[in-house]
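Report on the following structure.
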Amino acid sequence: MFKTVTGGSFKVLSKDDIQAIHRETLNIMEDPGIRVHNKRAREIFSENGATVDEENGIVRIPRGLAEEAIASAPSSVVLPGREEKNDLLLEKTNTYLGTGGTVLNTLDLETGEKRTTKAMDVADYAKITDFLDNIAFFVINCYPNDVETEDVDVNRFYHSLANTSKHVMGGVYTMQGLKDVISMAEDIAGGRKKLLERPFLSFITLMVSPLVMEKQYTDFLIEVANYGLPIATPSEPLAGATAPVTLAGTITINNVESLAGLILVQLINKGNPTLYGTTSSIMDPRSGIYVAGCIESALINAGCAQMAQFYEIPIYATGGMSDSKTVDCQAGYEKAATAMTVALSGANFIHDAAGLLEFCTTLSYEQMVIDNDILGISLRATRGVEVTPETIAADVIKSVGPGGHFLGEEHSVRHVRSEFYIPSIADRNTRDRWEAMGSPDTHTRAREKAKKILKEHQPLGFPQDLNQKLLDKFTGIKQRRS
Amino acid sequence: MSIYGYSSGYYRPLSVKEVEKIHNTSLKILEEVGFMVDNQFALELLDGIGCEVDYDRKIVRVDRNLFLKTIKKAPARIGLCGRDENNEVFIEANKTFFSNGGTAVKVVDLDNGERRDAVLMDLAQISKIIDVLNNIHVVHLPVYPHDVSHEVVDMHRFFNALNNNTKHIMGGVYTLEGARNVIRIANIINGEGSLAEKPLVSFITCLISPLKIEHNYVRIMYEAAQAGIPVVTSVCSIAGLTTPITLAGQIAQLNAEALTGVFLLQVFKPGAPVFYSVVPTIADMRSMQFLFGSVESGLMNAALAQLATFYNLPMYSTGGVTDSKTSDIQAGFEKGMGSLMPSLAGAQLIHNSAGLLDGSMVFSLEELIIDDEINGMALRATRSIEVDEETLAFEAIKEVGPGGNYVTHPHTFRHMRTENFEPRVAERGSYVSWLQKGGWTSTGKANKLAKEILETHQPIPIEKEKLDKISAEFPGLQQIKL
Chain A
1 MFKTVTGGSF KVLSKDDIQA IHRETLNIME DPGIRVHNKR AREIFSENGA TVDEENGIVR
61 IPRGLAEEAI ASAPSSVVLP GREEKNDLLL EKTNTYLGTG GTVLNTLDLE TGEKRTTKAM
121 DVADYAKITD FLDNIAFFVI NCYPNDVETE DVDVNRFYHS LANTSKHVMG GVYTMQGLKD
181 VISMAEDIAG GRKKLLERPF LSFITLMVSP LVMEKQYTDF LIEVANYGLP IATPSEPLAG
241 ATAPVTLAGT ITINNVESLA GLILVQLINK GNPTLYGTTS SIMDPRSGIY VAGCIESALI
301 NAGCAQMAQF YEIPIYATGG MSDSKTVDCQ AGYEKAATAM TVALSGANFI HDAAGLLEFC
361 TTLSYEQMVI DNDILGISLR ATRGVEVTPE TIAADVIKSV GPGGHFLGEE HSVRHVRSEF
421 YIPSIADRNT RDRWEAMGSP DTHTRAREKA KKILKEHQPL GFPQDLNQKL LDKFTGIKQR
481 RS
Chain B
1 MSIYGYSSGY YRPLSVKEVE KIHNTSLKIL EEVGFMVDNQ FALELLDGIG CEVDYDRKIV
61 RVDRNLFLKT IKKAPARIGL CGRDENNEVF IEANKTFFSN GGTAVKVVDL DNGERRDAVL
121 MDLAQISKII DVLNNIHVVH LPVYPHDVSH EVVDMHRFFN ALNNNTKHIM GGVYTLEGAR
181 NVIRIANIIN GEGSLAEKPL VSFITCLISP LKIEHNYVRI MYEAAQAGIP VVTSVCSIAG
241 LTTPITLAGQ IAQLNAEALT GVFLLQVFKP GAPVFYSVVP TIADMRSMQF LFGSVESGLM
301 NAALAQLATF YNLPMYSTGG VTDSKTSDIQ AGFEKGMGSL MPSLAGAQLI HNSAGLLDGS
361 MVFSLEELII DDEINGMALR ATRSIEVDEE TLAFEAIKEV GPGGNYVTHP HTFRHMRTEN
421 FEPRVAERGS YVSWLQKGGW TSTGKANKLA KEILETHQPI PIEKEKLDKI SAEFPGLQQI
481 KL
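Protein chains in written order, with the working numbering: chain A, 1 to 482; chain B, 1 to 482.
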């Protein structure tokens, strides 16, 4: 299993607050309800006792139905990797952080210029994720602009799975693509049964705010739920635009939307592993555009994490983002504050936390390496302070006494490795030494490290014959030019 | 605008039982290990109230009942006044305020970016800029001016900060004579004999970890206590060097040390305003380099905030520090987390939170501007989420309905100014508009803002007759007014 840290020491909502949000959520599900632009979904809701107005597509979910469906969603979801050491156990306040997307652009590692992403970027970002020890999973983070639309899904999942044995999650773009990806996953797993036993991939659908289930995403949701693979049903309300400007109102509407998706999944396939979710943020009131690195987004996510804990359903959440266009100080503090706040709240699966800049629209390889350190620090903070007689060390304090020092104590040697987070990219040299190294800033150090990882790291990959089989079967898969 | 601080304390790294365990260990340390006081006068005073004093080794041990009875005399709340009465802040449990960092010996020159020795003009400039920064509530004397001789440095530092800033001025004093001069100057500015009731300045003294108090600082503490000036008894402890390496052990010892400071001041003068003062740090165990920006510091400050609340004592804590040598992304993420963690946990006066780089060696005006914004963000997070009928916005959600938008809804207008923190350094424009405006990094933007403030801002001046009086009494005092 992947290293697991337990959060939950930060709580933005009181018990009364949670009850109030839950109460209004059930009220909204009944009135005004949600608009479902998908006939099959409306049928499923109707068959299970929801009131459906076919004329305007409005579905009103009675509270009994909602509560029963929520209760049938599993409280514990394992998202396996292709290797067991990368398995994630999503439950309670277990906290993992990883990548997110999907973006169309990356800053080029060689030139620093912004350019469109290609299939090989999917491969490279998966590979660098595979190496970095605080990034727990790979949510496929970019769009291969160099392949045809019908080949996009299979390229995204193939290059991801070929380059990391961590759990892979992604959205899909076409129904055929979704079917191809599942078929490919069966080939890799060795059949449907084995795939369902250890689903090393999972899918994301999306609710549309306010209170809408869109046609195509809902088709994908129905397909995945019927098959039985894990699925996340996040929504993305923007406070002040597609949700009330108040954070409590935004959490409430997010709660309604995400639960509506989760309820539909449960009505299709009771017990299907499902992640409640949020990618909510705010609209900048001055410019009217979506911003990602704001602290309010972290508060909304922390609030949603508490709602998920209340329902005892794992959460797909969002943190560690920035609106900066470049790898600067702003990127640092925005990412740190949003990653840590959400991690401390005990959100289970925090995506978008590595590699993203510019409102989650541009990737940076250097940023992946830096974010790995930010996530390491967030996880250390989330682990908290361990208090036992051994860690309090009263005897050691007594034997050293006033004015002494603890350097040579056996107690120090015993705990130095586990007690402190050792950063991989942050500089801790003296200034003299740092200057002797040529005064490299963090961005420069990260660039060198990213290049080294891409050059040297060898991910698990596929056996030769399996790989050939996949390439023969899915001819649209783009290959690296040698 | 009077500043009241935000209610905080939603983040609790320690359980109630763990707080108790630490408390009991600290009392045991004071009973069995004791502390060292290198001052005969103080030893006799302590002997007189019933402490067990070993005069040869200068070790004092205190029974827990006597200890707890004595520290109960300390006030739970300290008002810190500025020259402008609107800038008064009250330091008490669960209210968070920030002060900038000090004392740095070098500065980053605003014009050429070079690192050079700090001079008195830097202190004046920094003070002037802090006067307009909303998220730095108390001035911590930022630098040691190399162009002033040591014997008169205290009055030069305090006076020139007071002359260019209207907030409360807190700082270290180097000599007893210096402390007396500063008290005299503060009396002239504040009104004779008014300092105890309306302290315009406060003094930072220090204890040496582990468990030791130096001769000179005892004298300064005593002097300040008699004048009614609030005292910080700063203890900088280093895990594995001056305390056990485990965080719990360090917290237990540091708690004992912070309480010792409070205890001593109450022995000197019952009711004397004194801070529960902590500066927990770690060292890089590979190089033994002292570290200031570690996540473990953040954790310990957060945990110690719980202890300060447990004792209901005003707290002086530490946050927002970085080990980066330059204003890069490492500075951003270390400061982002470092400010946020104690703030969320209810630390009260968080010092070192703005302007510092390279541990606390270097002061940067650019960093000061950026850090003010980080503090603002941390305070927004600390304010957390308000949940009531109005913020839950059920009526607005019903009116907008599925598929609508909230941009023009009255509910949005009612709350858009208060619900979201509005940054001014952080870039939130589109990539294209950012490039058109020059593609500035946050540091570049902060540089311009700092220069603008220096050019345009005029702090309220000290009345001429008071200045004349100060000049007459201290003819050697160099006065800078910007």
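Virtual Cβ for every residue (Gly too), placed ideally from N, Cα, C.
Could you work out which residues of chain A lie near residue i, taking near to mean beta carbons separated by less than 9 Å?
i: R61(B); result: Residues of chain A passing the Cβ test: none, with the nearest at roughly 10 Å.
i: Q436(B); result: Result: empty, since nearest Cβ-Cβ is about 12 Å, beyond 9 Å.
i: P280(B); result: Simply none; closest approach about 11 Å.
Here's a check: name, in chain order, each residue in its chain whose Cβ is nearer than 6 Å to the Cβ of residue i, leaving out the five neighbours to either side.
i: F90(B); result: R77 and G79
i: K335(A); result: G320, S322 and I374
i: A272(B); result: A225 and L265
i: V36(A); result: R42, G57, V59 and M213
i: Y365(A); result: L109 and A450
i: F137(A); result: G98, K166 and H167
i: V62(B); result: L30 and C51
Between which two residues does the alpha helix (DSSP H) holding residue i run?
i: Y406(B); result: Segment: none, Y406(B) is in no alpha helix (DSSP H) and carries neither H nor E.
i: V342(A); result: C329 to L344
i: V369(A); result: Y365 to R383
i: Y125(A); result: A119 to F131
i: V16(B); result: V16 to K28
i: K466(B); result: K464 to E473
Please list, in chain order, all residues of the same chain as residue i whose beta carbon is under 8 Å from its beta carbon, the five residues on each side excluded.
i: A66(A); result: L26, M29, L259 and I263
i: L43(B); result: V37, V53, Y55, K58 and V60
i: T246(A); result: A239
i: T418(B); result: none
Under 7 Å between beta-carbons, which chain A residues line up against residue i? List them in chain order, please.
i: I245(B); result: F406, H411, S412, H415, V416 and E419
i: Q488(B); result: With chain B running from 1 to 482 in the structure shown, residue 488(B) is simply not present.
i: S327(B); result: C329
Who are the near neighbours of residue i in its chain, counting only those whose CB is closer than 7 Å to its CB and skipping five residues on each side?
i: S2(B); result: With a pLDDT of 35 at S2(B), under the threshold of 50, the modelled position of that residue is not reliable, and the figure given next carries that caveat. Excluding sequence neighbours, S2(B) sits near N86 and E88.
i: K325(B); result: L357 and D358
i: N94(A); result: T4, T6 and N348
i: S81(A); result: The amino acid occupying residue 81(A) in the given sequence is Gly; Ser does not appear at that position. Cβ within range, chain order: D87, S165, K166, H167 and F200.
What first and last residue would you give for the beta strand (DSSP E) that runs through residue i?
i: A303(B); result: Element bounds for A303(B): not the beta strand (DSSP E) but the alpha helix (DSSP H), V295 to Y311.
i: A305(A); result: That residue, A305(A), is in no beta strand (DSSP E); its alpha helix (DSSP H) goes I295 to Y311.
i: H167(A); result: H167 to G170
How would you list, in chain order, the residues of chain B whose beta-carbon sits under 7 Å from the beta-carbon of residue i?
i: E386(A); result: A248
i: V12(A); result: Y10, S384 and I385
Along chain B, in chain order, which residues have C-beta atoms closer than 8 Å to that of residue i?
i: R380(A); result: V295, E296 and L299
i: P62(A); result: Correct list: empty, because the minimum Cβ distance to chain B is about 17 Å.
i: H22(A); result: What H22(A) touches in chain B: nothing, since even the nearest Cβ is about 11 Å away.
i: P402(A); result: V33, G34, F35, M36, I59, P210, L211 and K212
Mind listing the chain A neighbours of residue i? Cutoff is C-beta to C-beta under 8 Å, in chain order.
i: L340(B); result: A336, A337, M340 and T341
i: S360(B); result: Here the premise fails: no neighbours, minimum Cβ distance about 12 Å.
Since residue i meets chain E, which of its residues come closer than 8 Å, beta carbon to beta carbon?
i: N405(B); result: Protein chains A and B are contained in the structure displayed, whereas chain E is not.
Report the residue ranges of all beta strand (DSSP E) runs contained in full by the stretch 184-249 of chain A; include only those spanning at least 3 residues, in chain order. 201-204 and 231-235
Using a beta-carbon distance cut-off of less than 7 Å, what residues from the stretch 19-41 of chain B approach chain A? K21, I22, T25, K28, I29, E32, V33, G34, F35 and M36
Residues in the stretch 233-260 of chain B having any Cβ partner in chain A nearer than 8 Å: Of all residues in the stretch 233-260 of chain B, A239, G240, L241, T242, T243, P244, I245, T246, L247, A248, G249, I251, A252 and Q253 have a Cβ within less than 8 Å of some Cβ in chain A.
According to a CB-to-CB cut-off of less than 8 Å, which residues of the stretch 323-339 of chain A neighbour chain B? D323, S324, K325, T326, V327, D328, C329, Q330, A331, G332, Y333, E334, K335, A336 and A337
Of the residues that make up the stretch 25-41 of chain A, which ones have a beta carbon closer than 8 Å to any beta carbon in chain B? Of all residues in the stretch 25-41 of chain A, only N27, I28, D31, P32, G33, I34 and R35 place a beta-carbon less than 8 Å from a beta-carbon of chain B.
Residues of the stretch 48-79 of chain B in Cβ contact with chain A at a cutoff of 8 Å, in chain order, please. I59
Quick one: complete alpha helix (DSSP H) runs, 4+ long, within the stretch 37-104 of chain A? The stretch 37-104 of chain A contains these whole alpha helix (DSSP H) runs: 39-47 and 63-72.
Runs of 3 residues minimum, wholly inside the stretch 116-172 of chain B: which ones carry the beta strand (DSSP E) assignment? At a cut-off of 3 residues, the continuous stretches assigned as beta strand (DSSP E) that sit fully inside the stretch 116-172 of chain B are 138-140 and 168-172.
Secondary structure, alpha helix (DSSP H): runs of 4+ residues fully inside the stretch 379-413 of chain A: 389-392 and 394-400
Whole runs of the alpha helix (DSSP H) within the stretch 333-401 of chain B, excluding any shorter than 4 residues: 365-383, 389-392 and 394-400
Closer than 7 Å, Cβ to Cβ, to anything on chain B: give me those residues from the stretch 353-380 of chain A, in chain order. E358, I370, I374, I377 and R380
Segments assigned beta strand (DSSP E), at least 3 residues, entirely inside the stretch 255-291 of chain B: 274-277, 279-284 and 289-291
Any C-beta of chain B within less than 8 Å: which residues of the stretch 56-83 of chain A qualify? Result list: I58.
At a CB distance below 9 Å, what residues from the stretch 281-306 of chain A approach chain B? Give them in sequence order. I282, M283, D284, P285, R286, S287, G288, I289, V291, G293, C294, I295, E296, A298, L299, I300, A302 and G303
Extract the residue ranges of the alpha helix (DSSP H) inside the stretch 162-224 of chain B, only unbroken runs of 4 or more that lie entirely within it. 176-190
With 8 Å as the C-beta to C-beta threshold (strictly closer), list the residues of the stretch 158-188 of chain A near chain B in chain order. Answer in chain order: no residues at all.
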